[in-house]
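These notes concern the structure reproduced below.
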Amino acid sequence: MLVFIINRLIQAAGAVVVMSMLVFIGLYLIGDPTAMLVSPEANDLERAAVRQAFGLDQPIWMQYLTFVGNAVRGDFGRSFLTGQPAMQLILERMPATIEMVVVAIGFAVLVGVPLGMLAGLRPKAASTKAVMTVSILGFSLPTFWIGLMLIMFFSVYLGLLPASGRGSTVNVAGVSLSVLTPDGWRHLILPALTLGLAKAALIIRVTRAATREVLPMDYIKFARAKGVRPRRVVGVHLLRNILIPIVTVTGLEFGQAVAFAVVTETVFAWPGMGKLLIDSIIILDRPVVVAYLVLMVFFLIMLNLVVDILYMAIDPTAREKVRDQ
Amino acid sequence: MIPTDNARAQDAGSLLSIKGLKTYFATRAGVVKAVDGVDIELAKGEILGLVGESGSGKSITGFSILGLIDPPGRIVSGSMSYNGKDLTALDEEGWRQLRGGDIAMIFQDPSMTLNPVLRIDAQMIEAMQAHANVGPAQAYARAREVLVMVGIPSPDERLRSYPHELSGGMRQRIAIAIALMNKPGLIIADEPTTALDVSIQGQIIHEIKKLCRQVGTALIWVTHDLAVVAGLADRIAVMYAGRIVELGTAEEIIENPRHPYTKGLIESVPSRSTRGSRLHQIPGMTPSLLNLPQGCAFRERCAYAVSACGDEPLNTVEAGGRTYRCWNPLGGPRP
Amino acid sequence: MSIASPQAPVVAVETPFQRLRSQFLENRLATFGLILLALIIVPSVLAPWVAPQNPFDIGKLDIFESQLPPGSVSESLGITYWLGTDGQGRDVLSAILYGMRTSLVVAFVSVTGALLIGATVGLTAAYFGGKVDALLMRIVDLQLSFPAILLALIMLSVLGQGIDKVIIALIAVQWAYFARTARGTALVERNREYVQAARCLALSPLRIIFRHMLPNCMPPLIVIATIDLAHAIAAEATLSYLGIGVPVTQPSLGMLIANGFEFMLSGQYWISFCPGIALALIIVAINLVGDHLRDILNPRSAQ
Chain A
798 MLVFIINRLI
808 QAAGAVVVMS
818 MLVFIGLYLI
828 GDPTAMLVSP
838 EANDLERAAV
848 RQAFGLDQPI
858 WMQYLTFVGN
868 AVRGDFGRSF
878 LTGQPAMQLI
888 LERMPATIEM
898 VVVAIGFAVL
908 VGVPLGMLAG
918 LRPKAASTKA
928 VMTVSILGFS
938 LPTFWIGLML
948 IMFFSVYLGL
958 LPASGRGSTV
968 NVAGVSLSVL
978 TPDGWRHLIL
988 PALTLGLAKA
998 ALIIRVTRAA
1008 TREVLPMDYI
1018 KFARAKGVRP
1028 RRVVGVHLLR
1038 NILIPIVTVT
1048 GLEFGQAVAF
1058 AVVTETVFAW
1068 PGMGKLLIDS
1078 IIILDRPVVV
1088 AYLVLMVFFL
1098 IMLNLVVDIL
1108 YMAIDPTARE
1118 KVRDQ
Chain B
7 MIPTDNARAQ
17 DAGSLLSIKG
27 LKTYFATRAG
37 VVKAVDGVDI
47 ELAKGEILGL
57 VGESGSGKSI
67 TGFSILGLID
77 PPGRIVSGSM
87 SYNGKDLTAL
97 DEEGWRQLRG
107 GDIAMIFQDP
117 SMTLNPVLRI
127 DAQMIEAMQA
137 HANVGPAQAY
147 ARAREVLVMV
157 GIPSPDERLR
167 SYPHELSGGM
177 RQRIAIAIAL
187 MNKPGLIIAD
197 EPTTALDVSI
207 QGQIIHEIKK
217 LCRQVGTALI
227 WVTHDLAVVA
237 GLADRIAVMY
247 AGRIVELGTA
257 EEIIENPRHP
267 YTKGLIESVP
277 SRSTRGSRLH
287 QIPGMTPSLL
297 NLPQGCAFRE
307 RCAYAVSACG
317 DEPLNTVEAG
327 GRTYRCWNPL
337 GGPRP
Chain C
59 MSIASPQAPV
69 VAVETPFQRL
79 RSQFLENRLA
89 TFGLILLALI
99 IVPSVLAPWV
109 APQNPFDIGK
119 LDIFESQLPP
129 GSVSESLGIT
139 YWLGTDGQGR
149 DVLSAILYGM
159 RTSLVVAFVS
169 VTGALLIGAT
179 VGLTAAYFGG
189 KVDALLMRIV
199 DLQLSFPAIL
209 LALIMLSVLG
219 QGIDKVIIAL
229 IAVQWAYFAR
239 TARGTALVER
249 NREYVQAARC
259 LALSPLRIIF
269 RHMLPNCMPP
279 LIVIATIDLA
289 HAIAAEATLS
299 YLGIGVPVTQ
309 PSLGMLIANG
319 FEFMLSGQYW
329 ISFCPGIALA
339 LIIVAINLVG
349 DHLRDILNPR
359 SAQ
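Chains as they are written, first to last, in our numbering: chain A, 798 to 1122; chain B, 7 to 341; chain C, 59 to 361.
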């Protein structure tokens, strides 16, 4: 088990290095950020000074090594725009994003698993057909479109919920949270719903497919032949088995949702790290983009590890395999 | 429960009575008549071998008795009663109480019957708690007791295991133990040894027989292998194309088959006396249950077919209760 | 209780295409999707000839007729703005037709490109197996585990704006799906007699892969490609909405929606809403068709 985790961490480190290199080279190719750093009237001497100050006069490999050297000490350079440390800028905005994603995924699971099971248990029911049709829409319509429709209905037409911003927050141990205030919730509902609907659609499909796969299994029939109550057959025998794919998919979708928050945050002007990324990409704020991507890769790999550990917790046969390795 | 000393249970009274059972499956291609008019009378403590090729409807008969036919399948007609209770009148909760309580079932493939993500103790305890208002400790004690009965060493350790940690034979013993949990009056065993090693097959058959005799449980042993039930069953019913074509005591069936199909089955079993010679094979294939021919379903594969076989063979009852459906029976009086 | 008498299966001589067509038309929803798709695609492709105005010809616009509600009649141009006008006085219906055209081109080209690259990689991996397979699939898995939207964002931030750039980014995002499916199918095909026979003839791997295996691996790939068209349209719209997709001079549906967003909050909903509905309709239509196509062509999910 420990060996497994250490192995994964080594892989993670490797992936972070490769990723940062690709991103660095990629961004190096896009224009010269000097233009952004100096006023248009600046002369060549001033430009050179700025270039030197930011290390932009060095060859690319030198810049990369400097970057890596600083990065391992937690220094990802400063934002060209604000002059703040890039990583700090991102970490400040992370709670807003994570909060929205947690609420969205929570919603998706609470809605998706029961509906998916129902659809799997009653494949021919009219309600199942309706749920499946809506779920196709849910994950094929773009997120921003769903967001716009929700804004149009709840904010413009009904005037019920705010269309943008984060609302009031409460500071808990240095992390600002909006789930603790009613105003915070009012602002959170629409963005979280937007992000959550697509994920709910996916979880419905995964749950339904898993249910349909597990139902014909002999052990379900055997449980029924034992006289086990239907509620327990579904709630224990079926659920414990379909949980394996559901947990795996939900875990991985959590990472996807954090990435996709880029879109939701843009639609709702949600002050998270996704909005920061888009703004930084548009103005070529290289340190912030690089720091975001490195953080994201690290986050995704950690998430994979957590999913694997969870997977082992719910699938006894997987535990065996890891022990054998 | 007092163990019945005498295994011969015909005189102990009727336990299960099935008349004209028909279980059909509505498929896109048409109606599959998997079970098409089956009659079974079973006495308390009796062991019945239900023999037939795959697709003969023997397993579906077993599942019908437990009300475990899922759509598109349906019991379309017939009467079934257990201990005087009319099964066809049961609601879902009534069926549930019957299953695992009065009638237990053992499935074919032990690697598939136990839930892979639940520990053995959970799967055994729930079997008892589904039928008796007992606490987990009491159910655990019973689970331990039946594991010892079916010959499982160190039961506590096994109870803590997951199915994949156990061998196939061990899993089937646990399935048998689960069937015994609530002291059922009848166990339906659907080819429970087919998926096991031959060496373990014998042990399991021997032990099930011993246990049934010990606790007086009746047993319907569904199998395609006549040799398995020859030494196990009191009576044998031979099924073909959804019907019981011959029924009699094990000796009668094995020694003196009336139906040519039964004879074919016996001849295809390898034995000491046939060593070295070619095994007999029944020509042709099981007919499609979708489009059964008029008359005897075995007609086209039968070496003894006569012109009368174009008509539906009647069920002939001999003195002593032996029955067969054939116009040209072997070694017996003509109908 | 009466039981319908079993019917003999109807045996008729049909070509595979005829069977496919009749099976397809059996499903009313899918047929509806197909009709809807035709109703969207045909006028979009013919946009320059059927649209009431060319919304990107500045000379043809009347800036004083901006933000008119649907159904308004233009006084200067003599046309009816069936879906209203936007902030620059553009006819929204015309803009949708032109925008759909851009979206369709981007989707079609990028999916075709991704299909070709993915199939090549997948078939190569399956044919050679061993280390080649392991390496290629490692790359595929790595990419699939990385969020597509981020990959597209990075690509576009490196490449800059433009239709061609969006297409490249979308190919980069999508090829891995095709590679994995192609490999899965090809692994089965590789062991078929015809491939064995081709190998015995010592044909070149290139020839076996493309002339013999590829045609047999196509059906599942085409199904994915159909549904992927919808994903590509959605992805392109998203990127354009974020402002890093197609340039302003060649607007797509996503950009029309983004441009109308500011007006939505002040009640002029149609500027954003109408292109939004058009986007939803085409995605739904493609999904209805693709989903049913998958059910027909994949015997495992048919039952």
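All C-beta atoms, glycine included, are put in the ideal place defined by N, C-alpha and C.
List, in chain order, every chain A residue whose beta-carbon is nearer than 7 Å to that of residue i.
i	result
C/A56	Here chain C covers residues 59 to 361 and nothing more, so residue 56 of chain C does not appear.
C/P127	Within chain A, no residue comes near C/P127; the closest Cβ sits about 15 Å away, beyond 7 Å.
B/H137	G1024
B/M111	A1022
Is the beta carbon of residue i sitting closer than 8 Å to the one on residue j?
i	j	result
B/R80	B/Y146	no
C/T239	C/L279	yes
A/I902	A/K996	yes
B/I250	B/G270	no
C/D332	C/I137	In the sequence under discussion, the amino acid at residue 332 of chain C is Cys, which differs from the Asp named in the question. No, they are not a contact pair.
C/V169	C/A283	yes
C/I18	C/I340	Because chain C is modelled from 59 through 361, residue 18 of chain C falls outside the range shown and cannot be assessed.
A/V1046	A/V1091	no
B/T234	B/H265	The sequence given here places Val at residue 234 of chain B; Thr does not occur at that position. Contact: no.
B/R5	B/G157	With chain B represented from 7 up to 341, any question about residue 5 of chain B goes unanswered, as that position is not in the structure.
B/V123	A/I802	no
A/G874	A/A883	yes
B/R105	A/R805	no
A/W1067	A/R983	no
B/I193	B/A110	yes
A/M949	C/M313	no
B/L165	B/D127	yes
If we count the other Cβ atoms within 10 Å of its Cβ and call it buried at 16 or more, is residue i buried or exposed?
i	result
C/L259	exposed
C/F236	buried
A/T1008	buried
B/G248	buried
B/A35	exposed
C/H350	buried
B/V44	buried
B/H212	exposed
A/L842	exposed
C/M213	buried
Please compile the residues from chain A whose C-beta is within a distance smaller than 8 Å of the C-beta of residue i.
i	result
B/R105	R1021, A1022, K1023, G1024
C/T374	Beyond the ends of chain C as shown, which are 59 and 361, falls residue 374 of chain C; an answer cannot be given.
B/D240	In chain order: nothing, as chain A lies at least about 24 Å away.
C/L211	V1059, L1074, I1075, I1078
C/L208	A1056, V1059, L1090, M1093
Give me the chain A residues within the contact set of residue i, using Cβ-Cβ distance strictly less than 9 Å, ordered along the chain.
i	result
C/F331	L945, M946, M949
C/N345	I933, L934, S937
C/D349	I933
What residues from chain B crowd round residue i, counting only those whose CB sits closer than 9 Å?
i	result
A/I1111	V123
Show which residues of chain B have a CB atom less than 7 Å away from the CB atom of residue i.
i	result
A/T1114	P122, H170
A/M1014	M118
Using a C-beta to C-beta distance shorter than 7 Å, which residues of chain C count as neighbours of residue i?
i	result
A/V820	I212
Quiz item: Of all the residues that make up the region 1016-1028 of chain A, which are near chain B by a beta-carbon distance shorter than 9 Å?
Solution: Listed by position along the chain: Y1016, I1017, K1018, F1019, A1020, R1021, A1022, K1023, G1024, V1025, R1026, P1027.
Quiz item: For the region 1027-1050 of chain A, which residues have a CB atom closer than 9 Å to at least one CB atom of chain B, in sequence order?
Solution: P1027, R1029, V1033, H1034, R1037, N1038, L1040, I1041
Practice problem: Let me know the alpha helix (DSSP H) ranges lying completely inside the region 146-221 of chain B, each 4 residues or longer, listed in chain order. | Solution: 161-165, 174-186, 204-221
Practice problem: Could you name the residues of the region 879-907 of chain A whose beta carbon sits closer than 9 Å to any beta carbon of chain C, in the order they occur along the chain? | Solution: none
Exercise. May I ask you to list, following chain order, the residues of the region 950-966 of chain A that have a beta carbon less than 7 Å from some beta carbon of chain C?
Key: Residues passing the 7 Å Cβ filter: V953, A960.
Quiz prompt | Positions along the region 183-197 of chain C whose CB lies within less than 8 Å of some CB in chain A | solution = none
Exercise. Only counting runs of 3 or more residues, tell me where the beta strand (DSSP E) segments fall wholly within the region 947-988 of chain A, in order along the chain.
Key: 967-969, 972-974
Quiz item: What alpha helix (DSSP H) runs, 4 residues minimum, are completely inside the region 871-905 of chain A?
Solution: none
Quiz item: Which runs of the alpha helix (DSSP H) fall wholly inside the region 248-272 of chain C and span at least 4 residues, in chain order?
Solution: 251-258
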